[in-house]
Each structure stands twice: as C-alpha cells, then as structure tokens.
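For the protein sequence lines, the chains are A and B, in the order given. What the first sequence shows, in the working numbering, is residues 1 to 247, in sequence order. What the second sequence shows, in the working numbering, is residues 1001 to 1210, in sequence order. Glycine is no exception: its CB is placed at the ideal position from the N, C-alpha and C atoms.
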Amino acid sequence: MRRAWYWISQQGLSTQSFYKTSGRLLPFITAGFLVLFLYGLIAGLFFAPADYQQGDGFRIIYVHVPSAFAAMAIYFCMTICAVLTLVWRIKIASLCLTASTSLGAGFTFLALVTGSIWGKPMWGTWWIWDARLTSVLILFFIYGGLIALQSIIANKQHRDRAVSLMTLVGAINLPIIHYSVIWWSTLHQGATLSLFSESLIAPAMLRPLLAMIAAFMLFYGMIVCLRMRNTILVTDMKTEWVKKVLQ
Amino acid sequence: MLLTLIRYDIIRTLRRGFSVVTPLLFFTMIICLFPFAIGDNARLIAPGIIWVAALLAVLLSIDTLFTKEWETGCLDHLLLSPYSLTQLVSIKLLSHWITYSLPLIIISPVLGLLLHLPPPVIKTLMITLLLGTPVLTLFGALGAALMIGIRENSVLLPILILPFYIPVLIFGTSAITTPGSLPLLGALLLFSIATLPFLITQALKIGVDT
C-alpha cells in the first residue's frame, strides 16, 4: 500500500506524466467544451422558451449561473490543491493552485457583472448589499489577495505554501456563499438547481443551462491544463524529456 | 511562565517609545476627520465610523508584529524552544492586544461623546469592540506571519486581510442596533481563537523554512 502510494506521488503525479496525460486529454476537453458551449449558447438564446415574468431578459442566466458556479467550483478545487500541497507537497497540485487563481477571479468578476446587469431591469438596481452579493464580493477580494500574494513572493516553494495556507483560510467563505440565501433571505433568490431533488426550472430551460455549466468547467480545465503545461516546460527546461518534447 | 512572558512582551513594546501610541493617535484622528467631512450627520453613523477606525488602527499596528523576531533570528530560537510555538504565539497576540487594542476600547467612550452618541449605545459599542478587536488582531497576525521574509509588503497585508475583516465589521456594527448579532460576534471570536493561533504558527513555519 505504502509502496503504491509512493509510486503514485513520485511517478504517477510527476510533472512528466502529467504533461503526457494532459496532452492526450486536451483535444477531448477542447472538443467537449466547444460542443457544449455552442449547444448551450444556441439552445439557451434561441430555443428555450421565454420566461413568463422576465421575458427574454432571463436568458442572462446562461452566463450568470455558470460563471458563479465556476467561481465557487474553482475555489473548491483550489482548496483541495492547497491541502495536497501543504500535506503531501504534490507538485502538480501547487501548479494547479497557482494557475487557477486568476481564472477564479475572472469568473467571479463575470458573475458579479452579469448579476449586476440582470439586477438592473429585474430588481431595479445595479447593486444591493444582499448577503449573497456581499459574500461573492468577498470571494472576489480573496481571489485578489491570493493573486497579489502569489505575484509578490519570488521563492517558488515559499509562494506555493503561503498561497495554499491563505486559500485554506479563505475556504470558510464557500459554505457562507452557499447558505447565504438561506440564512439571510434578503433579495437574491434561493438555489434553483439541486443535486438531490427536482430542479425548480422547466426542462427546456434546464438542459442548455447544465450544458453551459459543464462548458464553463471544461473551459477552466482546458486553460488550467495549458497553463500548467507551460509552467512545467519552463521549470523542467533542463531535463531530458523536455528537450525531447521541444525538438 | 504565561504571566512572565506577557509582562516581558508588554515591557519590551512599551520601551519602543512613541510607536505604541501611534495607532491610538491614528484612531483618534481618523474619527475626527468624519465630522469635518460629513458635518452634523456624522453622529448618525458614529458607531460605524468608530468601528472602521478601530479596524484600520489594528491593521496599522499589526504589520510589524513578527518583523523584529524574524530579522534578529529570534524566531528560529522560538521554533527550537521546548514550548509549543502556538502557545508562544498566543501569548504574543494577547500582549499585543493589551498594548494596542485595549487603549482603543478605553478611549472609545470619549470619542463616542465627541460624535454625540448616547451613553447606552456607547456601552454596547464598547462591548462589541471588546469582542471584535481580538478577531481583528488574530486575522491581522496571520497576515503578518505570512509577510515575514517578503520585502515589499506594505499594501499586500491590507489586501490579503481586509476581506476577512468584513464579517467582523458586519456583525460588530449590526450588534449595536440588533442585539441578536452579539452572540454571532462572540461565536466568531471563539472560532478564531480556536483555529487561528495554529494557522499563524504554520504561516511562521512556512516563512522560516524557506
């Protein structure tokens, strides 16, 4: 058992094997992203029925919900990477962590902006200090702090561990965001999608939404893989296998 | 040992001279800015003003918390000492809170009077500060611990730590108008006392290791 674990941490999770595996997977991820994204976009914008209250205005859901989902899912993924970095010092986990921060910040920003654009016609205001909005704004600030931290520390090991620790501390915000609509029921509506019970949305509207969520996550996976591969090539430049790859 | 260390730490801070009073002076001056900027209406938002000023004053006092220990190599010795670093860190934070935050709370009634706050509100304000400032100190110390060994850190610390100050601020100020928030503030305090000294220790180890 211990031997198997040792092999996984040394060989299975080495930068070289990650480079190989991700290279094989990337075309599929990209294709999946393109198919789902185009389907979600076209079906969501043209074929899904208009909402009986909001009219066509509700269609911003196809950008807003996926980006908000991605913002939180990326942070969750970063938290796992942070544990792997701090406890087992797995190299590709720290690579994934540092590659994810700016993407997460981008999706959070997108969620805030699209929410704001949605809020103006439906709620009558661009912004309100509602619990959900505030906690997502805090998430955006936390991402900002992490990016600042990782850009300022020069030593790579020091940087990875410091960012990991801060990521773990910030993870306390995730349950707060999730339960904010239940604990403080102010303006933002509760969850529409649920894993364990029937979703509160018509199937014709739901399918493009799920496709968009999956597309956003695949996009994240694609970009993170590309970034990690790039960093691996730079840091392992002196090794034989990189020289072979670059020839 | 506990009392000796606290006393030693406080004496050492006091011997640094004027720098002990700087956050207090900063606190007072920030609060005095608002009546000029907002005019008579400042009394309506007085608890919020005092809270924000206290938050900034704690942030100002905390960024050099571990710098001396780090520069003199004292931190390495503390790591090697038979006592647990978490304990030593907790003691240091307690003495920091006594020297820097307690004066803010003591002076806050006077500033509340300057802003025309009624006495019962001043009392609740002091209670919320009493419960809230330790949380500010704890989170600030986490930032300060991560900052050791980083050169240009003057703006980084607030950026890193302020997101975590927002909940404290929310509960602290809302407890003044709605008493139901006070237990939440207390819960936040207990939670941070239980977890943060350990995390601060880890942050210090990261800084020393690399």
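What A1203(B) touches in chain A, judged by beta-carbon distance under 8 Å, is A162 and L165, going in chain order.
The Cβ atoms of F76(A) and L174(A) sit closer than 8 Å to each other. Interface annotation, H178(A): not in contact with chain B, CB-CB separation never under 8 Å. Partner residues in the beta bridge of G55(A), as assigned by DSSP, are D51(A).
Contact note: I232(A) does not reach chain B at a C-beta cutoff of 9 Å; the least C-beta distance is about 21 Å. From the listed residues I1011(B), G1140(B) and P1047(B), the smallest Cα separation to T1178(B) is found for P1047(B). Of the other Cβ atoms in all chains shown, 16 or more fall within 10 Å of the Cβ of H1096(B); this residue is therefore buried. Inter-residue distance for V163(A) and K156(A) is about 11 Å (C-alpha atoms, whole angstroms). Counting the other Cβ atoms within 10 Å of the Cβ of P1023(B) gives 16 or more, which makes it buried. For the pair W126(A) and S116(A), the CB atoms are nearer than the 8 Å cut-off.
In the DSSP assignment, D1209(B) falls within the alpha helix (DSSP H) that extends over S1181 to D1209. Contact between L1059(B) and P1163(B) is ruled out by a C-beta separation of about 12 Å, above the 8 Å threshold. Closest in C-alpha terms to A1187(B), from the list L1131(B), P1197(B), L1104(B) and L1138(B), comes L1131(B).
I172(A) sits exposed, since fewer than 16 C-beta atoms from the chains shown fall within 10 Å of its C-beta.
The alpha carbon of D236(A) has as its nearest neighbour, out of C81(A), L95(A), V181(A) and F58(A), the alpha carbon of L95(A). By the criterion of a C-beta distance shorter than 7 Å, I223(A) is surrounded in its chain by L103, once the five residues flanking it on both sides are discounted. Positions of the alpha helix (DSSP H) runs, each at least 4 residues long and wholly inside the region 85-128 of chain A, are given as 91-123 in order along the chain. For P1197(B), the nearest beta carbon of chain A is not closer than 8 Å to its own beta carbon.
In this structure, I1206(B) keeps its C-beta atom at 8 Å or more from the C-beta atom of A1144(B).
Residue nearest to I42(A) within the set L165(A), L86(A) and P208(A) is P208(A) (criterion: CA-CA distance).
Following the DSSP letters along the chain, one finds W183(A) inside the alpha helix (DSSP H) bounded by residues N173 to W183. By the CB criterion at 8 Å, T167(A) and M78(A) fall inside the cutoff. In the structure shown, D160(A) adopts helical secondary structure according to DSSP, grouped into three states. Within chain B, the C-beta atoms nearer than 7 Å to that of I142(A) come from P1163, in chain order. A residue is called buried once 16 or more other Cβ atoms fall within 10 Å of its Cβ, and V1168(B) is buried on that count. By the rule that beta-carbons nearer than 8 Å mark a contact, E1071(B) does not touch chain A. DSSP places I1062(B) inside the alpha helix (DSSP H), whose first and last residues are A1046 to I1062. Inclusion of I147(A) and A204(A) in the CB contact set at 8 Å is not warranted, their separation being larger than that value.
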